[in-house]
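S.K.: Numbering (my numbering), first residue to last: 17 to 273. All C-beta atoms, glycine included, are put in the ideal place defined by N, C-alpha and C. Owing to the predicted nature of the structure, the values given are computational and were not obtained by experimental measurement. Got a structure here, written out as structure tokens. Questions coming.
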């Protein structure tokens, strides 16, 4: 009940702040099997809100541990069944507690639930994807390899903002093709082998890059954005372009840049 109220209020806030919100690729999200959503992180706490409100599943999040201690915010984080992640860059955090979080995540997935993870680890203003952390791959491989979880899918979810800090701008939530997670032989201590974690992390990173605007430099991003606007105005005959088409056109310009 509380989750529904929170989601309804936050969805209303999104609709007020953003002029246009598009969601595409919903058909790629399994509705009856465990799912881990991996989401890029360009806009702080706004990013998981999109997944919370617009994904076709109820999502629990892996959230940085300090949020669980913040007045007001901690209440909502806990009510949404979030799990704490202990990061080295957060002062006073014991990263060994992450093992407890991983166990809790596997149990949630075993019940058929879904988890949202921002694998970059931090929100940022870079024009492209930061190197991703291995948590999503480690949780996924351990979950299926212990037999606790069956038919687990990892779904990349890309966020694209036309201007993330401007009131009444536009935003796109783009679900990509799901990644199957196959079991591996675990190490004696119960952890997935490092090479298997690296391979799956590489697949996750590649899948994320396909649903976001991924430029290496700000100059590259500005150049391709101008090219997209010129091309679109010349070819659309006054019709409004979908955000997915806008994103994909900029992706093509970036690949050619």
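1. In terms of residue numbering, what span does the alpha helix (DSSP H) encompassing residue 63 cover?
2. Measuring CB to CB, does residue 131 end up less than 9 Å from residue 99?
3. Look up residue 239 in the DSSP assignment and say whether it is helix, strand or coil.
4. Given residue 177, which residues of its chain have a CB within under 6 Å of its CB, disregarding the five upstream and five downstream residues?
5. Considering only the alpha carbon of each residue, which of 262, 234, 237 lies closest to residue 247?
6. Can you tell me whether DSSP reads residue 41 as helix, strand or coil?
7. Since residue 187 is in the beta strand (DSSP E), which residue starts that stretch and which ends it?
8. Please report the straight-line C-alpha distance between residue 79 and residue 241, rounded to a whole angstrom.
9. Where DSSP assigns a beta bridge to residue 174, which residues make up the other side?
10. Taking contact to mean at least 3 C-beta pairs separated by less than 8 Å, is the region 211 to 218 in contact with the region 148 to 168?
11. So the candidates are 60, 210, 74, 48; which of them puts its Cα closest to the Cα of residue 20?
12. Identify which residue in 111, 94, 92 has its Cα closest to the Cα of residue 101.
13. What does DSSP give as the partner residue(s) for residue 157 in the beta ladder?
14. What three-state label does DSSP hand residue 103 in the structure shown?
15. Considering only the beta carbon of each residue, do residue 34 and residue 185 sit closer than 9 Å?
16. Considering only DSSP beta bridges, list what residue 77 is partnered with.
17. If you count every other CB in all the chains shown that lies within 10 Å of the CB of residue 190, and 16 or more means buried, which is it?
18. If you count every other CB in all the chains shown that lies within 10 Å of the CB of residue 88, and 16 or more means buried, which is it?
19. Specify the secondary structure class of residue 52 as computed by DSSP and reduced to three states.
20. Assuming residue 197 is part of the alpha helix (DSSP H), what are its boundary residues?
21. What is the DSSP secondary structure of residue 149, counted as helix, strand or coil?
22. Could you give the first and the last residue of the continuous alpha helix (DSSP H) run that contains residue 19?
23. Using a Cβ-Cβ cutoff of less than 6 Å, which residues in the same chain neighbour residue 158 once the five nearest sequence positions on both sides are dropped?
24. I'd like to know whether the C-beta atoms of residue 163 and residue 226 end up nearer to each other than 9 Å.
25. Using only the alpha-carbon positions, how far apart do residue 120 and residue 204 sit?
M.R.: Quick answer:
1. From DSSP, the alpha helix (DSSP H) with residue 63 extends over 62 to 70.
2. Yes. Within cutoff.
3. Three-state DSSP puts residue 239 in a helix.
4. Here residue 177 has 187 as same chain residues with Cβ atoms under 6 Å from its own Cβ, once five neighbours each way along the sequence are excluded.
5. The option with the nearest alpha carbon to residue 247 is 262.
6. Reduced to three states, the DSSP call for residue 41 is coil.
7. 186 to 191 is the extent of the beta strand (DSSP E) around residue 187.
8. Answer to the nearest angstrom: the Cα atoms are 32 Å apart.
9. 190, per the DSSP bridge assignment.
10. Contact between the region 211 to 218 and the region 148 to 168 is present, because at least three Cβ pairs lie under 8 Å.
11. Of 60, 210, 74, 48, the residue nearest in Cα terms is 74.
12. Nearest to residue 101 by C-alpha distance, out of 111, 94, 92, is 111.
13. Answer is none; residue 157 lacks a bridge partner.
14. The DSSP-derived three-state label of residue 103 is coil.
15. Contact: yes.
16. Per the DSSP secondary-structure output, residue 77 pairs in a beta bridge with 132.
17. By the neighbour-count definition (other C-beta atoms within 10 Å, threshold 16), residue 190 is a buried residue.
18. Flag for residue 88 reads exposed.
19. Residue state, collapsed to three classes: strand.
20. Here residue 197 belongs to no alpha helix (DSSP H), and DSSP marks it neither H nor E.
21. DSSP places residue 149 in coil when its eight states are reduced to three.
22. Residue 19 -> alpha helix (DSSP H) spans 18 to 33.
23. Excluding positions up to five away in sequence, the list reads 208.
24. Cβ distance not < 9 Å, so residue 163 and residue 226 don't count as in contact.
25. Each residue's alpha carbon lies about 20 Å from the other.
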